[in-house]
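Following: one structure in structure tokens, then a few remarks.
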Amino acid sequence: MIKKFDKKDEESGSGSNPFQHLEKSAVLQEARIFNETPINPRRCLHILTKIIYLLNQGEHFGTTEATEAFFAMTRLFQSNDQTLRRMCYLTIKEMANISEDVIIVTSSLTKDMTGKEDVYRGPAIRALCRITDTTMLQAIERYMKQAIVDKVPSVSSSALVSSLHMVKMSFDVVKRWVNEAQEAASSDNIMVQYHALGLLYHLRKNDRLAVTKMLNKFTKSGLKSPFAYCMMIRIASKLLEETEGGHDSPLFDFIESCLRNKHEMVVYEAASAIVHMPNCTARELAPAVSVLQLFCSSPKAALRYAAVRTLNKVAMKHPSAVTACNLDLENLITDSNRSIATLAITTLLKTGSESSVDRLMKQISSFVSEISDEFKVVVVQAISALCQKYPRKHSVMMNFLSNMLRDDGGFEYKRAIVDCIISIIEENPESKETGLAHLCEFIEDCEHTVLATKILHLLGKEGPRTPTPSKYIRFIFNRVVLESEAVRAAAVSALAKFGAQNDDLLPSVLVLMKRCMMDSDDEVRDRATFYMNVLQQKQKALNAAYIFNGLSVSVPGLEKSLHQYTLEPSEKPFDMKTVPLATAPITEQKTEITPVATSKLPEKLAPSRQDIYQEQLAAIPEFQGLGLLFKSSEPVQLTEAETEYVVRCIKHTFANHMIFQFDCTNTLNDQLLQRVLRRVAKDPKRMVNSNNIYQRNRVCLTAASKTSSLLKHSYTQAKVHIYSFKCRAH
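First residue of the sequence shown: 119, per my numbering; consecutive thereafter.
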């Protein structure tokens, strides 16, 4: 039946999807025609399409209704229509997990699988393996072995892919098909060879020696399938990473030889693998970069995009290696594909010289309005990196960023620009006034509250220290008049900082504060009243304590303490000293900077985190005989951030020992730790009082045990040492 749409329906686009308003109950009612005789292939095909559409749209089918529809569909095997039969295979695969007794079609599928119709055999194998469980797998094992080595490529590929799926279900049974898979790997068909190699790898991936032998075999004999070559390159890269093999390894030689393959796909896969290898020098990257340079002038847009994208990643770590490609990258700036042009310009920004900055900025300006926000953010990030590299060019880049701020764009795009300008201001003092002027102009029309408050905070921090701080007052007070509550509150805080640092501006700020005290929002009024009273005292100590520094307590901890105080009414006033102090987030960089033991590091070198731990542990007499440090884990937080004592653990692994380092941070400023206990290594049951009591809870605990009741079940072979370095206290 053909539905006729009028002109309004066509214009509204309602006829674009004929299945848009399907109802499950109506489709299941239509499925009853499967039982009619004779079978109408065209109508049945249409109904099966509806069922598959509903399943793929996430429509929930109950077990009973799914089973009824499935049993009705089994009668369709009586039809010889090829399209209907293949649609039946698809429906079986989709309903295998929700219908009961789907195994009833096993005999029909086995018949099609071993029949003479090649068009049925491949799909029947896929459907049969989808509904087969471990108990039935051995019954069809003989048929699967025959199908894997079948001369028809579609049948062989179907059997290999199905075997790959069944590895998760019954590894031992599928492992017996290795000989057939090896025979299929020598097939002339590129897809059969690729699928056979995939099955062989997944059967042997837990045996590194077997995988290495497989690679050696196929690298010597050669492969016809470019897909198989790509898989071998990935397997070889993974092996090199796991074994930490050097560039003298035969596996690396194989990957490098693939750079001379006749298939572009294989060449790019090899170049990408070399580029992503760790500890690669510019000299070792040179062959891969040369290949990517050739791809930059390819007539295929996909190859150009892949080459520029990979070169962009290389430029992050080895910009000198990409310098030879600058001429080719400049030709791509005018590419019709704006994604390629964006990646080309950002790569040039990472590799270009200081003299080319002006020219690159002009080229970016010509097309930046035509690209998406996602690529605009990439451009901004590249400009930010360039500012750090060439600080003298900040004026050119600042003007470019200010023009980008005026263009339309989303939140992430605007935030990237604002962050970039702020980083330039912090790193180049001479750019402060120019950057603040651009940001003041931006907040006049800024529709993002987060960005407006961030800029106001920066104005309050940097504005009072400029030669003419009064020119920023107008921009800040405009926010009090025109913006939302959160922005108005941030503006009041910024005004207070101007009044606290500039005596000449204090009378004007007090007048503005009086106006803010009549604001409709209670937080704005409270802030204005508070700052008004503090500023009127004209005391630097009060300004420093209540305007510049603010509260240093943990916000979650304050909320928890206040809630607890309201649950237990008391005549005693709330004491802020009971609130945990705010702890700075412990990052990788802080781990490197903050010493955990008294040792001096060389100033000329920039040691890694591993080297620092090695030196710190070697400085402790108990650990001097443990040998070289193999690996230190990332810090693991053992407590929540708002607790009174924040504890984290770092695991240090040696050849025969393991050390646990516990860093404890006390956030309570009115308590001291005393009578600290130390466990002696020779006798875990003996507890000795330690006299090491440091100011503000700086304590040093040692504990070493080989048979501790908490650890003996987990570590039976290695000696376990527990050591807690100096705790940090706020």
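Note that CB positions come from ideal geometry on N, CA and C, so glycine has one too.
Check                                                                                                                  : Outcome
Residue 394: first and last residue of the uninterrupted alpha helix (DSSP H) it sits in                               : No alpha helix (DSSP H) holds residue 394; DSSP gives it neither H nor E.
Helix, strand or coil at residue 620 according to DSSP, with G and I counted as helix                                  : coil
4-residue-minimum alpha helix (DSSP H) runs that sit fully inside the segment 496 to 539, ordered along the chain      : 512 to 524
Rounded C-alpha distance that separates residue 748 from residue 310                                                   : 44 Å
Test item: CB-CB of residue 772 and residue 745 under 7 Å                                                              : yes
Residues bridged to residue 750 [DSSP beta-bridge criterion]                                                           : 770
Cβ-based burial, residue 752 [other Cβ within 10 Å; buried from 16]                                                    : exposed
Environment of residue 774 [buried if 16+ CB atoms lie within 10 Å]                                                    : exposed
For residue 320, the first and last residue of its enclosing alpha helix (DSSP H)                                      : 308 to 322
Where residue 138 falls: helix, strand or coil (DSSP)                                                                  : coil
Enclosing beta strand (DSSP E) for residue 784 [first to last residue]                                                 : 775 to 784
Residue 512 and residue 535 closer than 7 Å at C-beta                                                                  : no
Distance CB(residue 312)-CB(residue 345) smaller than 7 Å                                                              : yes
C-beta contact flag for residue 396 and residue 377 at 7 Å                                                             : no
Residue(s) in a DSSP beta bridge with residue 765                                                                      : 782
Distance between beta carbons of residue 618 and residue 635, contact taken as under 8 Å                               : That pair is no contact at about 18 Å.
Nearest-angstrom Cβ-Cβ length linking residue 475 and residue 504, presumed shorter than 8 Å                           : 7 Å
Short Cβ contact (7 Å threshold) for residue 369 with residue 358                                                      : yes
Every unbroken alpha helix (DSSP H) inside the segment 313 to 387 [4 residues or more]                                 : 326 to 339, 344 to 361 and 368 to 375
Secondary structure of residue 246, DSSP reduced to three states                                                       : helix
Spatial neighbours of residue 487 in its chain, beta-carbon cut-off 8 Å, leaving aside the 5 residues before and after : 525
Selection from 606, 740, 694 and 728 that minimises the alpha carbon distance to residue 639                           : 606
As assigned by DSSP and simplified to three states, the class of residue 292                                           : helix
Outcome for residue 687 when other beta-carbon atoms lying within 10 angstroms are tallied against a minimum of 16     : exposed
Touch test, the segment 253 to 267 against the segment 207 to 220, Cβ-Cβ under 8 Å, three pairs minimum                : no
Extent of the continuous alpha helix (DSSP H) run through residue 194                                                  : From DSSP, residue 194 is part of no alpha helix (DSSP H); its letter is neither H nor E.
Limits of the unbroken alpha helix (DSSP H) element including residue 228                                              : 224 to 231
Run of the alpha helix (DSSP H) containing residue 729, from where it starts to where it stops                         : 727 to 736
Residue range of the alpha helix (DSSP H) that includes residue 575                                                    : 567 to 580
Exposure of residue 135, with buried meaning 16 or more beta-carbon neighbours within 10 Å                             : exposed
Supposed contact pair residue 423 and residue 458 - C-beta distance, whole angstroms, cut 8 Å                          : 5 Å
Sheet register partners of residue 671 (DSSP bridge)                                                                   : 699
Alpha carbon of residue 222 to alpha carbon of residue 260, nearest angstrom                                           : 20 Å
Assumed close pair residue 276, residue 240 - CB separation to whole angstroms, cut-off 8 Å                            : 4 Å
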